Every structure is written in C-alpha cells, then in structure tokens.
Amino acid sequence: MNGINLIENGIYIFPDGRQFIAHALSDGTPVLQGPLFSAVEMFIDYRIDRKGQIAYRGEVTPWRVEDLIFKGVLATDNYSIG
Numbered sequence: 170m171n172g173i174n175l176i177e178n179g180i181y182i183f184p185d186g187r188q189f190i191a192h193a194l195s196d197g198t199p200v201l202q203g204p205l206f207s208a209v210e211m212f213i214d215y216r217i218d219r220k221g222q223i224a225y226r227g228e229v230t231p232w233r234v235e236d237l238i239f240k241g242v243l244a245t246d247n248y249s250i251g
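According to the working numbering, the sequence shown is numbered sequentially starting from 170.
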C-alpha cells in the first residue's frame, strides 16, 4: 500500500475508538472504509498519503497511520466491525 504497512482487509481502530477496514485503491493508495460498505460500491472514508497522514474528504486530520491500532483480525463478508 504505497509504502504504508497496513494489512489488506485488516480492521484498524482509530484513537477515538472507531473501527475501519483497510484497502488499497488500484493505484496503491491506502484507504479506510467505515462499517457500512458494499463489495460493489466502495465508499472511502479516509485516505492515507505516502507520508502516513490521514485525510477525510481532502482535509487533513490530526491522525497519522502510526495512530491506528490493528485489531488482529481481517474483515470477511460476514464480519461486522460494530
């Protein structure tokens, strides 16, 4: 994922406790999706740049990739991250 070490389909926890699933776009850009997403339509909640800065809708957040905590599990079709 563009030099960012996130696990594809890995569930990550933000410092505020919210959980997101990591994916990579076709160009390798890492993104985080919230709990409501479809395998057909990919709604991107957050993007992570090459420096590890996390942005929401183009606006930089105070978080960096280092602030994410890997939950130790991968999302599956029947897995709920609530």
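Don't be surprised by glycine CBs; every beta carbon is placed ideally from N, CA and C. Nothing here was measured: the structure is a model prediction, and the numbers come from that model.
Where does T245 fall in DSSP's three states? Position 76 of the sequence shown, counted from the first residue, corresponds to residue 245. It is coil, neither helix nor strand.
With a 10 Å radius around its C-beta and 16 neighbouring C-beta atoms as the bar for buried, classify Y215 as buried or exposed. Numbered from 1 along the sequence shown, position 46 holds the residue referred to as residue 215. Buried, by the Cβ-count rule.
State the DSSP-derived secondary structure class of E228, mapped to helix, strand or coil. Within the sequence shown, numbered from 1, the residue matching residue 228 stands at position 59. Correct three-state label for E228: strand.
Quick one: Cα of P184 to Cα of D236, how far? Within the sequence shown, numbered from 1, the residue matching residue 184 stands at position 15. Within the sequence shown, numbered from 1, the residue matching residue 236 stands at position 67. Cα-Cα distance, rounded: 7 Å.
Take the Cβ of V234 as the centre, count every other Cβ of all protein chains shown within 10 Å, and call the residue buried at 16 or more, exposed below. Position 65 of the sequence shown, counting from 1, holds the residue named residue 234. In the assembly as shown, V234 is a buried residue. Its beta-carbon has 16 or more other beta-carbons within 10 Å.
If I follow the unbroken beta strand (DSSP E) through I180, where does it start and stop? Position 11 of the sequence shown holds residue 180. Where I180 is concerned, the enclosing beta strand (DSSP E) stretches over 179 to 182.
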